[in-house]
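Take the position in the sequence shown, starting the count at 1, then add 9; the result is the number in my numbering. By construction, the Cβ of each residue, glycine as well, lies at the ideal position given by its N, Cα and C atoms. Working notes for the structure below.
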Amino acid sequence: MCGIVGYVGGYDCKDVLMEGLSKLEYRGYDSAGVALHMGRDITVVKAKGRLAVLKEKLESKNLPVCHCGIGHTRWATHGVPSDVNSHPHSTPRVSIVHNGIIENYGKLKEDLIKKGYEFVSETDTEVLVKLIDSCYTGDPLLALTRALALVRGSYGLAVLFKDFPDIVYAARRESPLIVGFGKGQNFVASDVPALLKYTREYAVLDEGDIAVLTRDKIDFYNEFGTPVEKNHLTADWDMEAAEKGGFPHFMLKEIYEQPEAIQKTVGPRVQNGLPDLRIPQLSDEALAKIGRVHLVACGTAMHAGMVGKTAIEKLARVPAVTEIASEFRYRDPILSPEDLVIIISQSGETSDTKAALELAKQRGCKVLAIVNVVGSSIARAADYVLYTYAGPEIAVASTKAYMVQLSVLYLFAMRLAMAKGKLDEAQARRLTAELLQTGEKINGILENCDQIKFLASKFMNASDLFFMGRGFDYALSLEASLKLKEISYIHSEAYAAGELKHGTISLIEQGTPVIALATQKDIYEKTISNIKETKSRGANTLLFTTQNQPVPDGVADYVVRLPEFEELFMPMLLIVPLQLFAYYVSVLRGCDVDKPRNLAKSVTVE
Ligand code: F6R
């Protein structure tokens with residue numbers, strides 16, 4: 010979603026802001042802008058479109074060097090993408106950039122109009138800047154605390170006041186914001202990559218916090234204006250991890266980083282050949298008491314949860330349900346204190362997922378978060394955290410984060426099964442050793458991806474496409490279908506293979522592409538029958554199965570063979586060619602692979 014950068018220091022702040030915003034491009038945006046302190050004036054430059062448009066506009070103005078400013082990439086929520094709706098929004102005294110949504114903006118706007126304010130944009134952010142202006146009597150901190158107390162909704166904010174030329178103000182509620190500490194310079198940003206070129210030392214603002222940044226220090230206050238202290242954190246990501254490193258796209262780079270990410274995530278959690286969650290409160294004794302598991306997430310993370318659910322039920326025989334966070338939060342779910350709620354999120358900032366977490370806590374459940382971003386809101390709000398060590402995931406389409414979510418869910422399922430007495434030590438040892446082998450197997454698949462490129466060229470012109478599978482393969486069908494849709498814009502549907510004939514098979518006609526996933530031996534023949542049903546209606550079929558499975562004649566037009574491996578972990582292998590398939594189709598269709606239209610990396614609004 011939207012990105013924020015703010016800077017005060019010795020460099021030309023135009024350069025720092027543009028550099029920082031370019032590192033946030035991956036979050037998705039449709040317009041961009043900056044506000045620059047020029048002595049006792051604030052100059053605002055903003056434009057619809059990519060950063061290149063803003064850069065050109067900035068250069069054409071020949072502005073002098075300046076040392077304090079704020080910048081923004083906007084992903085439209087209130088009002089279409091346009092120059093006027095883009096941020097910063099300003100009054101003669103104040104300029105702001107804003108991530109999030111002001112829910113009561115309608116009422117606030119009415120009150121401000123009565124006070125004589127006029128509005129030019131359709132945005133809630135213009136309401137916010139005018140609200141801050143209306144509370145300003147010469148003390149910026151007071152203006153912010155007064156104005157923000159009147160606001161309902163979410164905000165990450167960076168603010169300039171005309172009368173305070175070398176100060177950036179920042180504030181957050183329900184929208185992530187960090188500050189970065191430099192020498193003789195300080196930063197504010199919505200995400201770590203924007204800072205990495207300049208500093209790795211940062212602090213996370215908590216709910217309601219306000220930060221005041223000058224060149225030499227950052228002061229922190231709570232929502233009432235009382236000074237507070239912040240812990241300093243160090244980002245363990247480096248610049249290289251946030252660069253393409255020779256790959257044409259971040260998505261491809263991230264697909265290739267999966268074996269390493271698994272090693273980093275699983276390795277430290279294996280002790281003496283057995284899974285060890287390394288969370289004292291989740292000892293075997295505590296795990297044995299869990300009555301039911303709810304896995305709650307959105308999108309790809311929810312698809313990881315579906316694999317986790319199947320693994321938990323297969324191994325531990327504990328009832329598990331996967332829930333879409335945006336449904337869970339509003340459907341008054343039945344939860345009991347013996348239930349464990351597992352919240353899964355790459356960013357740790359997804360609005361619906363965060364709300365689901367809060368609901369689970371209110372209902373007295375313990376919450377385990379599986380999160381990639383250290384110090385994110387979800388990580389901080391959960392009772393326990395299992396971090397996935399995927400490093401920064403820049404491509405909008407999630408790949409390596411999904412992979413490590415799976416690996417952590419398998420570790421959890423195995424340990425739970427041991428605690429419940431459903432998996433003995435010898436079995437657990439064998440499975441753990443297999444899990445540690447997945448990286449090597451994936452490397453083998455990555456080395457032989459020519460067939461996938463060829464198949465991408467065969468299917469790239471499809472307008473509708475079906476994925477199907479059973480059990481784990483159904484969960485993978487959903488993820489494969491989502492990957493293809495989001496980056497190639499081909500319509501596709503994922504079906505439980507046995508369900509197709511209950512309606513959707515009417516859509517199968519001569520040449521309809523059907524991609525079937527069949528990696529589980531006990532249900533293999535069932536899926537083969539379902540493929541036959543589509544084949545006999547003219548489908549063009551592509552089957553993903555394992556090396557030694559017999560494929561009857563006349564079932565599949567194309568077959569992709571994966572190495573024989575422990576079936577439980579086949580999802581981790583199978584997803585790789587499916588990610589590559591989506592990637593190559595997207596490249597062949599000339600799509601913007603890393604920044605697909607309308608999408609944002611971290612969905613911080615409902
Ligand atoms: C798809 C994708 C999204 C995210 C979803 C949740 O490739 O990335 O579906 O999985 O928006 O995001 P997180 O995991 O950050 O909560």
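Select from the options the residue whose C-alpha is nearest the C-alpha of residue i.
i: Y207; options: K530, S386, L26 and L296; result: L26
i: T235; options: F256, Y164, L153 and V177; result: L153
i: D50; options: D172, A442 and S545; result: D172
i: S69; options: K55, H81, F553 and G80; result: K55
i: Y498; options: G125, I141, A179 and G599; result: G599
i: Q652; options: Y567, I351, L485 and K409; result: For the chain, the structure presents residues 10 to 615; residue 652 sits outside this window and is missing.
i: E28; options: Y38, N71, G80 and P73; result: G80
i: L571; options: L526, L304, E495 and K510; result: L526
i: I524; options: L166, K544 and A179; result: K544
i: D148; options: F170, G165, L137 and P277; result: F170
i: G88; options: G78, D24, E131 and V103; result: E131
i: S416; options: C77, L432 and G276; result: G276
i: L205; options: A320, V14 and L159; result: V14
i: P586; options: K462, K363, N539 and F475; result: K462
i: P401; options: D392, V413 and I227; result: V413
May I have the straight-line CA-CA distance separating residue i from residue j, to the nearest angstrom?
i: T331; j: I343; result: 13 Å
i: P174; j: G48; result: 6 Å
i: G547; j: P522; result: 9 Å
i: F481; j: Q355; result: 21 Å
i: F259; j: Y592; result: 11 Å
i: E336; j: D361; result: 9 Å
i: N231; j: E502; result: 47 Å
i: N470; j: N94; result: 36 Å
i: G453; j: V560; result: 22 Å
i: G58; j: S40; result: 5 Å
i: I514; j: M311; result: 26 Å
i: T447; j: G282; result: 15 Å
i: V380; j: I105; result: 30 Å
i: M423; j: A329; result: 14 Å
i: V302; j: C11; result: 33 Å
i: S163; j: G109; result: 5 Å
i: L464; j: L551; result: 9 Å
i: T309; j: L491; result: 8 Å
i: L583; j: G478; result: 12 Å
i: A365; j: Q519; result: 44 Å
i: E347; j: G255; result: 49 Å
Please report the residue range of the alpha helix (DSSP H) in which residue i lies.
i: Q203; result: A quick correction: the sequence has Ala, not Gln, at residue 203. Note, A203: premise wrong, no alpha helix (DSSP H); not H, not E.
i: I105; result: Per DSSP, I105 belongs to no alpha helix (DSSP H); it is in the beta strand (DSSP E), V103 to N108.
i: N549; result: Here N549 belongs to no alpha helix (DSSP H); instead the beta strand (DSSP E) covers N549 to T555.
i: M27; result: C22 to K32
i: R389; result: S386 to A390
i: E294; result: D293 to A297
i: Y533; result: Y533 to K544
i: S360; result: S360 to Q371
i: Y114; result: Y114 to K123
i: K143; result: With the sequence shown as reference, residue 143 is identified as Ser, and Lys is not the correct amino acid for it. S143 -> alpha helix (DSSP H) spans D133 to S143.
i: T274; result: Q267 to V275
Quick one: give me the first and last residue of the beta strand (DSSP E) that residue i is part of.
i: R181; result: V177 to R182
i: Y593; result: Premise fails: Y593 lies in the alpha helix (DSSP H), M579 to L597, not in any beta strand (DSSP E).
i: S78; result: Sequence inspection shows Gly at residue 78; the Ser mentioned does not correspond to that position. Counting along the chain, the beta strand (DSSP E) containing G78 begins and ends at C77 to R83.
i: S69; result: Segment L60 to S69 is the alpha helix (DSSP H) holding S69; no beta strand (DSSP E) there.
i: V14; result: G12 to V17
i: L222; result: I219 to L222
i: G308; result: Here G308 belongs to no beta strand (DSSP E); instead the alpha helix (DSSP H) covers G308 to A325.
i: K375; result: K375 to V380
i: V213; result: E210 to V213
i: D459; result: Per DSSP, D459 belongs to no beta strand (DSSP E); it is in the alpha helix (DSSP H), D459 to F468.
i: F233; result: No beta strand (DSSP E) contains F233, which DSSP labels as neither H nor E.
Could you check what DSSP says for residue i in three-state terms: helix, strand or coil?
i: P522; result: strand
i: N607; result: coil
i: N452; result: helix
i: L432; result: coil
i: Q280; result: strand
i: R161; result: coil
i: D473; result: strand
i: D482; result: helix
i: Y419; result: helix
i: H303; result: strand
i: Y126; result: coil
i: K57; result: strand
i: A442; result: helix
i: A506; result: helix
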